[in-house]
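>
There are 2 protein chains.
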Amino acid sequence: MRAARGVTKGITVLAMAGLLLAACGTTGAGKPAAGDFPTQWLMYAGNPEHNAAFDVPATATKLLKGVQWKFAEANALPLAGPAADQDVLGLRAAPVKTTQFLGNSVGVTAVGGVIYAESDSNYVYAIDAITGKLIWKTPTNNAVMGNPIVAQGVVVVGAGDVGFSFAQVMKYAKHQPVLRGLGFAGIYGMDAKTGKVLWHVATVGEAMPSLAYKAGTVYEGTGDGHVYAWNIKTGAPRWKTRLGGFSSMSSGNLYKNQLLWGFTNPNFVYSIDVATGKVLWKQTVVGVANTGMGDNSPAVDSTKGIVIQDSIVDPKLVNGKPTVDSEVFAMDANAGGKILWQTRLGRGPNPPAYKAGVAMVHGGVIYVGSPATSQFFALDETTGKVLWKFEIPDHGPAGAGRGAGTFAHGTLWISQGPNVFALDPKSGTVLGHVRPGGRFGIVNPVIVGGTMYLGNSWGWIQALPLSSIYKGWQTRA
Amino acid sequence: MRAARGVTKGITVLAMAGLLLAACGTTGAGKPAAGDFPTQWLMYAGNPEHNAAFDVPATATKLLKGVQWKFAEANALPLAGPAADQDVLGLRAAPVKTTQFLGNSVGVTAVGGVIYAESDSNYVYAIDAITGKLIWKTPTNNAVMGNPIVAQGVVVVGAGDVGFSFAQVMKYAKHQPVLRGLGFAGIYGMDAKTGKVLWHVATVGEAMPSLAYKAGTVYEGTGDGHVYAWNIKTGAPRWKTRLGGFSSMSSGNLYKNQLLWGFTNPNFVYSIDVATGKVLWKQTVVGVANTGMGDNSPAVDSTKGIVIQDSIVDPKLVNGKPTVDSEVFAMDANAGGKILWQTRLGRGPNPPAYKAGVAMVHGGVIYVGSPATSQFFALDETTGKVLWKFEIPDHGPAGAGRGAGTFAHGTLWISQGPNVFALDPKSGTVLGHVRPGGRFGIVNPVIVGGTMYLGNSWGWIQALPLSSIYKGWQTRA
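Chains as they are written, first to last, in my numbering: chain L, -15 to 461; chain W, -15 to 461.
#1: For a contact defined as C-beta to C-beta under 9 Å, what are the partners of residue 56/W on chain L?
#2: Closest by CA to residue 167/W, which one among 232/W, 339/W, 149/W, 244/W?
#3: Could you tell me how far apart the beta carbons of residue 409/W and residue 362/W are, in whole angstroms, since I believe they sit closer than 8 Å?
#4: Counting only the same chain and skipping the five closest in sequence on each side, list residues whose C-beta sits under 6 Å from that of residue 458/L.
#5: Determine whether the Cβ of residue 149/L lies closer than 8 Å to any Cβ atom of chain W.
#6: Identify, in the order they occur along the chain, each residue of the same chain with its Cβ nearer than 7 Å to the Cβ of residue 104/W, setting aside the five sequence neighbours on each side.
#7: By DSSP's criteria, residue 111/W is part of a beta bridge. Which residues make up the other side?
#8: Terminal residues of the continuous beta strand (DSSP E) containing residue 354/L?
#9: Taking the alpha-carbon positions, what's the residue 160/L to residue 81/L distance?
#10: Which residues in chain W sit within 9 Å of residue 121/L, going by Cβ to Cβ distance?
#11: Express the C-alpha separation of residue 225/W and residue 262/W in angstroms, rounding to a whole number.
#12: For residue 443/W, would you say it is in contact with chain L, using Cβ-to-Cβ distances shorter than 8 Å as the test?
#13: Grouping DSSP H, G and I as helix and E and B as strand, with all else coil, what is residue 451/W?
#14: Residue 401/W bridges to which residues according to DSSP?
#15: Would you call the region 318 to 330 of chain W in contact with the region 273 to 286 of chain W, where contact means no fewer than 3 C-beta pairs closer than 8 Å?
#16: Quick check for students: name the residue ranges of the beta strand (DSSP E) that lie wholly in the region 36 to 82 of chain W, counting only runs of 3 or more.
#17: Do you know how far the Cα of residue 258/W is from the Cα of residue 453/W?
#18: Determine the closest residue to residue 56/W out of 34/W, 50/W, 111/W, 35/W, with distance taken between C-alpha atoms.
#19: With a 10 Å radius around its C-beta and 16 neighbouring C-beta atoms as the bar for buried, classify residue 419/L as buried or exposed.
#20: Give me the DSSP bridge partner(s) of residue 212/W.
#21: Going straight from the alpha carbon of residue 133/W to that of residue 239/W, what length do you get?
#22: Apart from the five residues on each side of it in sequence, which residues of its chain come closer than 6 Å, Cβ to Cβ, to residue 212/L?
#23: Counting contacts by CB-CB distance shorter than 8 Å, is residue 156/L in contact with chain W?
#24: Within its chain, find whatever has a CB closer than 6 Å to the CB of residue 433/L; leave out the 5 residues flanking it on each side and keep chain order.
#25: Does any residue of chain W bring its CB to less than 8 Å from the CB of residue 72/L?
#26: For residue 415/W, collect the residues of the same chain with a Cβ closer than 7 Å to its Cβ; drop the 5 residues on either side in sequence, then sort them by chain order.
#27: Residue 167/W CB to nearest chain L CB: under 8 Å?
#28: Along chain L, which residues have their Cβ under 9 Å away from the Cβ of residue 68/W?
#29: Residue 70/L and residue 60/L: beta carbons closer than 8 Å?
#30: Does any residue of chain W have a CB that is nearer than 8 Å to the CB of residue 181/L?
#31: Report the rounded CA-to-CA distance for residue 253/L versus residue 135/L, giving the unit in angstroms.
#32: Taking Cβ positions, are residue 185/L and residue 163/L nearer each other than 8 Å?
#33: Any Cβ of chain W within less than 8 Å of the Cβ of residue 153/L?
#34: With 16 as the cutoff for other CB atoms within 10 Å, does residue 198/L come out buried or exposed?
#35: Please state the DSSP three-state secondary structure of residue 245/L.
#36: What does residue 145/W touch in chain L if you count any residue whose Cβ is under 8 Å from its own?
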């Protein structure tokens, strides 16, 4: 099930996979591998659209039928149990702390028959996608909280944490620039086959966002207000640009020669020339609050050059309690980031930690959640009009709606709170659901053929057959 | 070399040790074990005076001659190499980050022939004091940065970190109370022989300070502004008192029925009734800056009821650069914390992170350093008058002077920056010095007989014969 096969057979299978891709109507920048898997993973959620769906050829019978396993990372909590320290921290704070400091903050990476995952407990894991067995695990010097980027046989991850020192606390109070990241921070390049650390570059601020890759270069936005470019093979620096403020969980994205990255304090989405590091344009909306722009990852419709970002806005007390609204907005990357539309998703209680939803774009529709209202939405990509909304159940006071959805086989799949749902993408009607244990932070389901791969806050990586969630998926393509 | 021996023999040896104690003139609340070691460790640095010196009987020939070994903890850096990420962080920040997130922040604990140490890399270690071999290591869910407390066969440590979330950053800017501690926090009670976790209590804020023990109860000051009391055997709560603000590295101390603890925001030293948790008195001085009171551990002269604290004060820009002064002050615990005297140690550059020195009291003299000036001082306990000062060499821009000194065998021993010194306690003259590798954070030397035990920021525990530092020590007693 690994990538390497004979060239001739590889081409044949690739052609088959191409037909299947067209037939299924899914989009995946990660091309099917020699046989049955993406061969690389270039940015958060696997492609600019954040649609982590990958077709496989008909010969990949196991993946099509759906494999099932679960892998417990170091420090994993019992799947049926509560969040860590829930007795003391309560239902609002405990899931957040567990997401930030124990398990997997975001979804996994699928490349060449291997599931790669980053854990807050300072490990990168490589798991056999079919068997669920550990291939390697490599320690890091702080939490790793993103999607591993895989290209040219190198796995690249960023380490860092969400914290501030007391010196930074005092600076913020004096309206001075602040640096995010408390412990060690930096980038690791690891051998994809063995996990051996090929290179390590320290950074002054945290390197929490998933990196982005293009043409031999990896890019990262950091807690000390920079975007950096390094050679993926060696870690040698190519350029760095100082933007100020910090990026936390806003992973980079790409459109043509533009690197797109969200930063906080000030709150902007920046477009940066991939070759030179020069800022091409920046954009924001009125009323962005907290770490709005720097915490959330912009999505890109590659075919149209539309960039989608969303952020909490307009915080205010309602009946003495803090509330926020959420705003989704579309920018035209071909017109200097001109705003095409802005849509408010509605007011709700100020959610803890990560306060926005990662958008996914597919077939002219934007799918995005809001942790303030714990709802999941479909919006028309051209107008921003809300097409439907889905009330996420079981969200608790921590809220849900953070992770991107995945469109595969004519079905929308989301992992929110403790549940995984199959939704009708036209109406938001529930087609099926399971509760696989633990809870999902900012997790997008990764779907390869008929198998869904998930990481969760409790420190588990799971493979689930789509059929175990929704039996009718094969009839909808 | 362990504690358990026949009762009769134990009593005999205890008597011998008592004679030796008297002969050597050292003070140690940790009583000599059945033979040759303290049997318990009740507060930071081993006794209220912070003088971690323990005599052994003449039969403990190995300890008297001095044993030598070094033990590398998980993630230990090469002893001859630089601080972690020094290439990027520089000489001011890299040693601090290494002290806070990699190795041992403070000195070790010596009980029953075992060296216990807490590591920022989330482990508690028990090492055979004679051979340097690992007895056990037990993981924790965050950094452990204090002295393990050992009593009734239980090792008690507090876990937590120095960080603040962005929500707390924003609160501080609005002059609202803030909580310190980013990741998981809480207290572990472990079996002293096996390291097995007997109980664990989560806390909302960090539990960085070393705990204090009295009569079956352990006490901790936390990042959410409380002092807690728990049963050492079970972790069952006895009382809690809300003081507000946070305690960071101010470890608790004891005098009669008074528990003494420093807190920040507001900055006070509190005296709390050990039985009820009621605040008996609180005290501060003018101009305390940063985390002054909550970061530093008050020392107590048990014979007189004098409490010594020091803190940075009066921050101001000098030639455009931030500077601070340091103030040492004495309080009368028998008179509601009445201030007896205040002494300024002098202005210097604002040091990174831990900004004060831990005081030690012995023979009517206070020994204390100042990281602002990187000097080490002796003060008259009655008047606060400076008797001498010693210029600490090799301190670099991170400064030195944080860890307490240790008075043993008529000699003052300090571990500051990369060096260990033997000083003449009457003049501050250097009698001997070694550079054992790595660097010392807030480390006090622990001296048992003729052996010095040290932890360092690089993640090593070391045993050094006193003779390797200063050959003449045996002639001074």
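Even for Gly, the Cβ is constructed at its ideal location relative to N, Cα and C. Quick caveat: nothing in here was measured; it's all calculated off a predicted structure.
Answer, in terms of the structure:
#1: Correct list: empty, because the minimum Cβ distance to chain L is about 15 Å.
#2: 149/W
#3: 7 Å
#4: none
#5: yes
#6: 84, 85, 86, 87, 89, 127, 129
#7: 99/W, 118/W
#8: 349 to 354
#9: 28 Å
#10: Within chain W, no residue comes near residue 121/L; the closest Cβ sits about 15 Å away, beyond 9 Å.
#11: 7 Å
#12: no
#13: helix
#14: 424/W
#15: no
#16: 53 to 56
#17: 40 Å
#18: 111/W
#19: exposed
#20: 204/W, 224/W
#21: 17 Å
#22: 204, 224
#23: yes
#24: 40, 44, 47, 48
#25: yes
#26: 395, 406, 407, 408, 454, 456
#27: yes
#28: 125, 168, 186
#29: no
#30: no
#31: 25 Å
#32: no
#33: yes
#34: buried
#35: strand
#36: 147, 166, 167
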